[in-house]
Amino acid sequence: MNSNLFTSPLKVINIGLTSFKEALDQVETPSLQLAWRPPLVAADLYKCAQKTLASNSKQQTIATANKLAVEKLLAARPTLIGMGQASEVIPGMHQDLILHAGPPITWERMCGPMKGAVIGALIYEGRAPSFEAAEKLILDGCIKFDPCHEHQCVGPMAGVISPSMPVFIIKNESEGNLSFATMNEGLGKVLRYGANSSEVISRLKWMEQELYPLLAETLKAIGNLDLKAIMAQALHMGDEVHNRNRAATSLFFRQIAPVMAKLPGASEALSFINSNDHFFLNLSMAAAKASLDPLANVANSSLVYTMARNGTDFGIKIAGLGNRWFTGTAPIPKALYFPGYSEADANPDIGDSAITETYGVGGMAMAASPAIVQFVGGNVSDAINYTLQMYEITACENSSYQIPYLNFRGSPTAIDLLKVIDKNILPVINTGVAHKLPGVGQVGAGVLNAPSEPFVKAYLEFIESIK
Amino acid sequence: MSKVTTKTLIKSGEYYDSVTIMMLAKKLQEQAGVVDSAVVMGSKENLALLLASGMSDEKLQSATHNDLVIVVKSSSEELAIQAITALERELSPQKKATTNTSNRPITTFDSACEQLPGANLALISVAGAYAGSVARNALEKGLHVLLFSDNVSLEEEVELKKLAVSKQLLLMGPDCGTAIINGTPLAFANKVKQGSIGIVGASGTGTQEVTTLISNWGGGISQAIGTGGRDLKEEVGGLTFLLALEMLAADPKTKVIVMISKPPHKSVMEKIFTLTKKIKDKPLIALFLGANNSELSKQMPNITFVQTLEEAAFKSLEAIDIVPLKSSCEENLLVAPLVKKISKRSPKAKYLRAHFSGGTFAIESHLILSHEGIAPLYSNLAVAHTQKLGNVHVSQGHTILDLGEDEFTVGRPHPMIDFSLRHKRILEDAANKETALILLDLVLGYGSHLDPLSELLPLLKQVQEVPMIFSVCGTDLDPQVRSKVVSELQAAGAIVCNSNATATLLAAQVLKALNERRN
Chain A
0 MNSNLFTSPL KVINIGLTSF KEALDQVETP SLQLAWRPPL VAADLYKCAQ
50 KTLASNSKQQ TIATANKLAV EKLLAARPTL IGMGQASEVI PGMHQDLILH
100 AGPPITWERM CGPMKGAVIG ALIYEGRAPS FEAAEKLILD GCIKFDPCHE
150 HQCVGPMAGV ISPSMPVFII KNESEGNLSF ATMNEGLGKV LRYGANSSEV
200 ISRLKWMEQE LYPLLAETLK AIGNLDLKAI MAQALHMGDE VHNRNRAATS
250 LFFRQIAPVM AKLPGASEAL SFINSNDHFF LNLSMAAAKA SLDPLANVAN
300 SSLVYTMARN GTDFGIKIAG LGNRWFTGTA PIPKALYFPG YSEADANPDI
350 GDSAITETYG VGGMAMAASP AIVQFVGGNV SDAINYTLQM YEITACENSS
400 YQIPYLNFRG SPTAIDLLKV IDKNILPVIN TGVAHKLPGV GQVGAGVLNA
450 PSEPFVKAYL EFIESIK
Chain B
0 MSKVTTKTLI KSGEYYDSVT IMMLAKKLQE QAGVVDSAVV MGSKENLALL
50 LASGMSDEKL QSATHNDLVI VVKSSSEELA IQAITALERE LSPQKKATTN
100 TSNRPITTFD SACEQLPGAN LALISVAGAY AGSVARNALE KGLHVLLFSD
150 NVSLEEEVEL KKLAVSKQLL LMGPDCGTAI INGTPLAFAN KVKQGSIGIV
200 GASGTGTQEV TTLISNWGGG ISQAIGTGGR DLKEEVGGLT FLLALEMLAA
250 DPKTKVIVMI SKPPHKSVME KIFTLTKKIK DKPLIALFLG ANNSELSKQM
300 PNITFVQTLE EAAFKSLEAI DIVPLKSSCE ENLLVAPLVK KISKRSPKAK
350 YLRAHFSGGT FAIESHLILS HEGIAPLYSN LAVAHTQKLG NVHVSQGHTI
400 LDLGEDEFTV GRPHPMIDFS LRHKRILEDA ANKETALILL DLVLGYGSHL
450 DPLSELLPLL KQVQEVPMIF SVCGTDLDPQ VRSKVVSELQ AAGAIVCNSN
500 ATATLLAAQV LKALNERRN
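Next up, the structure:
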């Protein structure tokens with residue numbers, strides 16, 4: 000190899016002082032500046048970790064585990080197989096249990112929108128007639144809280160699921176595991192933003208009593224619905240299936256409308272779905288969840304299989320570290336705000352929807368969705384750059400989810416904790432911003448990077464854990 | 000507090016989607032003087048909202064849901080108009096349709112190697128704590144490495160060099176300041192003519208001196224490979240030095256090989272001897288600064304051992320039958336007038352004050368002065384026959400300072416870039432009656448001060464009475480252009496020599512003459 004150095008033209012990668020690069024430009028030697036950043040962990044800890052990882056056998060162990068995890072992820076076949084009531088179909092669900100987005104949290108630490116949604120759910124369930132009564136019930140210890148993620152569920156924003164709520168059932172055909180998600184309520188005053196007025200409750204009741212039976216019957220008639228196929232097509236149509244679900248919702252609508260239209264009372268249900276661009280979001284999230292969950296059993300893998308926020312904490316899970324949460328403070332998104340609102344109104348990042356990024360879509364696939372790039376406050380090139388940068392920290396490309404602009408390159412998939420730390424590049428997440436007060440709703444939208452804290456904590460544990 | 004002004008602009012029939020509007024609103028809020036602002040489509044609901052928040056004037060009544068409404072509350076009318084004008088510029092269509100992904104910062108070796116196909120060397124100057132792992136990544140990618148960073152542990156250096164050698168890659172450094180590969184100066188190096196003399200150097204400025212002298216005297220450099228200052232220690236075992244020797248031995252363009260270093264550890268010296276015995280077709284020149292050359296010559300008759308950097312350049316040119324184009328600087332003729340000038344200034348003036356930005360120059364000068372019998376020598380160097388300065392910030396007797404040592408560089412740029420500390424010291428010495436002569440190096444080339452004259456000429460004007468002898472290390476191909484620098488320094492009254500060795504010898508002769516005169 001070295002024999003080439005003196006006989007082939009010198010081409011230099013410069014890392015550090017830019018004056019050295021300028022000198023190379025002056026003598027016209029081809030060169031390139033590497034934008035180097037120190038790793039995410041402190042120098043001494045990083046050195047220690049590098050030493051531990053230096054052993055070939057450990058590297059091999061991790062590589063083998065990651066390969067297996069990637070195979071599972073790419074083979075996943077998330078399919079919508081029907082609907083059911085939360086208490087009947089979600090494992091471990093019971094009458095006193097409320098599920099919420101993100102990592103575990105106590106009532107005291109919950110943010111405004113999540114508290115609002117929990118109270119709304121208790122009123123909806125008929126457990127309390129009023130706000131005050133609901134709060135008393137909670138303070139008396141009658142209600143248990145658990146993350147959606149611990150019950151094979153995901154929920155956008157507050158992500159609250161209560162026992163009576165109807166849920167979609169998604170099956171990962173390759174591994175047989177299930178996931179669950181509620182139906183999306185639309186925008187405006189909705190439970191997931193913490194709204195709990197009578198208007199919100201009656202919409203939830205309508206969804207349970209009118210929409211759910213119609214949709215369940217429709218799905219039964221259609222049979223299984225391949226969500227992967229819908230998402231793949233949607234990416235070709237300008238969605239990234241997190242903040243933009245317009246195409247996916249339309250595709251879903253085309254699948255169900257001909258069947259549902261024949262059912263009595265379908266008109267209102269169809270127009271409800273039709274008017275909500277985000278109707279598909281809950282399905283893309285559950286599809287991602289079903290696809291990622293099998294990674295929880297892959298020992299020694301450094302891949303991230305969960306990212307979720309509860310409006311207070313941001314939590315992640317690592318395949319090789321099983322079911323443990325690693326958390327840090329949820330950041331306040333740098334966002335574009337609707338008229339009349341500002342960052343001062345924003346709640347810290349909230350929702351399980353970052354499961355889409357974990358799955359290699361959403362922010363990871365921004366380049367597929369030029370229509371929403373202005374959320375970044377930027378232009379199309381920014382979106383492309385976001386996606387290109389994400390290839391740096393992912394273990395594979397998912398050829399099912401293609402990005403047309405990048406010559407149909409597969410989306411960057413399977414975030415590798417080790418790469419995140421080494422390269423100091425944090426996953427990018429598309430997000431909606433909730434008002435910090437319950438019930439106000441969405442006040443903006445934007446793009447943010449996951450916080451570093453959970454990744455650093457997980458990294459130090461992971462290094463210790465490798466056998 | 001000045002009065003708040005509200006300005007409204009209605010753009011009729013212009014529809015923007017909500018995202019664009021949010022973006023515009025953010026831009027508007029960021030404009031100078033803006034207290035509050037709103038950008039909305041003129042729907043009934045939005046207009047009611049504006050009214051409720053006190054952001055309304057009568058103009059708004061005419062707005063319809065097809066109009067874009069911009070309202071600004073500003074600290075002055077002028078700023079309000081400015082803000083609205085700025086926003087209108089944002090709305091102009093030229094702003095759109097820029098798709099530029101080429102300015103994406105490249106953050107990994109993988110993508111860097113993709114973007115620069117055929118990349119073969121990484122030049123690394125990040126903080127020492129991380130430099131080792133960056134270098135390891137580069138080696139894993141099959142890149143040769145120049146590791147400029149210091150503060151890399153000896154242990155890590157050994158690990159990296161073992162890895163590099165196993166891949167037959169050069170790891171130059173850590174703390175490697177100078178290399179010239181395929182004619183390209185890297186880090187602190189000079190633009191020299193290309194030719195047939197190959198150099199392996201554990202010393203950065205030493206390599207700069209030899210390469211520039213060769214180039215200035217009619218020869219050229221095939222390759223100059225830096226090894227870092229610790230490579231020839233026992234622990235490192237000369238891993239890079241030996242690989243570099245092998246590479247130069249195998250390189251058809253290299254006809255003669257020059258080695259520059261402080262004396263290697265005994266065990267490393269043996270390895271060098273074993274290897275060099277096999278190099279039969281190329282003359283070998285070695286400068287092991289401070290070593291016992293007669294002893295070494297006996298052990299290795301096939302190597303020409305030299306005493307100074309200048310001699311290394313000279314002998315390497317001779318070895319390939321090039322007659323050095325050494326300008327006839329008749330230093331001897333300068334001695335008498337200098338002695339006269341110094342004696343006239345003060346009968347007490349008898350000491351040399353030598354302030355170096357290049358560490359190897361300091362050591363070389365110390366060796367020469369010591370050899371010439373100038374004693375005692377006070378310095379901050381780790382060499383034989385020296386007295387430690389009581390206070391490095393105050394000159395004492397004959398003082399020889401390496402201003403590149405940590406005690407001078409912590410928290411400030413290297414003295415080759417930042418002259419201020421040395422200038423302060425020169426002025427102090429010039430004001431001291433005991434100072435006879437000031438000896439200085441000036442290193443040109445990439446990485447060094449780009450306009451040294453701008454600082455040196457005013458200094459020379461200030462210091463007229465105490466002679467200053469410079470050696471200027473550089474070539475006319477360097478951005479500073481050596482001949483221009485030399486002639487301007489001379490015009491300003493400085494004495495300029497071709498090499499540090501010559502400059503030091505001149506100083507030694509003057510000191511001896513002064514001494515004789517006094518006796």
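For the record, the sequence lines run as chains A and B. Numbering that gives the first Met the number 0 puts the first sequence at residues 0 to 466. Numbering that gives the first Met the number 0 puts the second sequence at residues 0 to 518. Note that CB positions come from ideal geometry on N, CA and C, so glycine has one too.
Beta-bridge analysis with DSSP links B:C472 to B:V442. Between the C-alpha atoms of A:F325 and B:G41 there is a straight-line separation of about 46 Å. Annotation: the continuous beta strand (DSSP E) that includes A:I97 extends over L96 to H99. According to the DSSP assignment, B:L145 belongs to the beta strand (DSSP E) that extends over H143 to L146. Around the beta carbon of B:Q463, fewer than 16 other beta carbons lie within 10 angstroms, which makes this residue exposed. Here B:R481 is buried. Its C-beta has 16 or more other C-beta atoms within 10 Å.
Residue contact with chain A for B:S52: present (Cβ-Cβ distance below 8 Å to some residue of chain A). Taking 8 Å as the threshold, the shortest C-beta distance from A:W324 to chain B does not fall below it. As the crow flies, the alpha-carbon of B:A502 is around 14 Å from that of B:G357. The beta carbon of A:V40 sits closer than 8 Å to the beta carbons of A48, I420, V455, Y458 and L459 from its chain, once the five residues preceding and following it are set aside; these are given in chain order. Proximity of chain B to A:Y336 at the Cβ level (cut-off 8 Å) is accounted for by M21, A24 and K25, in chain order.
Using a Cβ-Cβ cut-off of 7 Å, A:V26 is close to T183, P184 and K190 of chain B, given in chain order. Between A:F167 and A:A268, the CB-CB gap reaches or exceeds 8 Å.
The residues N244, R245 and T248, in chain order, have a CB closer than 7 Å to that of A:D276 in the same chain once the five nearest residues on each side in sequence are set aside.
Taking 8 Å as the cut-off, the Cβ atoms of B:G225 and B:G203 count as close.
B:T210 is a Cβ neighbour of B:I179, given a cutoff of 8 Å. A straight-line Cα-Cα distance of about 7 Å links B:G219 and B:V191. In terms of beta-carbon proximity, A:P426 stays away from the interface with chain B, with every pair separated by 8 Å or more. Counting along the chain, B:G227 sits inside no alpha helix (DSSP H), nor does DSSP assign it H or E at all. Within the region 262-321 of chain B, the runs of beta strand (DSSP E) at least 3 residues long that lie entirely inside it are, in chain order, 283-287 and 302-304. B:A128 and A:N309 have their C-alpha atoms some 36 Å from each other.
For the 8 Å CB-CB criterion, A:N299 and A:T60 form a contact. In this structure, A:G339 and A:G115 do not form a Cβ contact; the two beta carbons are roughly 20 Å apart against a cut-off of 8 Å. With a threshold of 16 other beta carbon atoms within 10 Å, A:Q94 falls short and is exposed.
Contact between B:L231 and B:V267 holds: CB atoms are separated by about 5 Å, below the 8 Å threshold. When beta bridges are read from the DSSP output, B:V199 appears opposite B:I224 and B:M258. Interface criterion met: the Cβ of B:S110 is under 8 Å from a Cβ in chain A. Those residues of the region 213-240 of chain B placed with their C-beta closer than 9 Å to a C-beta in chain A are S221 and Q222, ordered along the chain. Three or more beta-carbon pairs separated by less than 8 Å are not found between the region 223-237 of chain A and the region 148-155 of chain A, which leaves the two stretches without contact.
Going by DSSP, B:S165 is part of the alpha helix (DSSP H) stretching over L153 to S165.
Residues of the region 4-18 of chain A with a C-beta atom less than 8 Å from some C-beta of chain B are L4, F5, S7, P8, L9, K10, V11, I12, N13, I14, G15, L16 and S18, listed in chain order. Taking 8 Å as the cut-off, the Cβ atoms of B:L402 and B:S378 do not count as close. Annotation: Cβ neighbours of A:E391 in chain B (cutoff 8 Å, chain order): T106, T107, D109 and S110. Considering only A:H434, A:A215, A:E391 and A:P293, the residue with the shortest C-alpha distance to A:A75 is A:P293. Beta-bridge partners of A:H434 (DSSP): A:A345. Fewer than three beta-carbon pairs drawn from the region 414-426 of chain B and the region 328-344 of chain B are found closer than 8 Å, and the two stretches are therefore not classed as touching.
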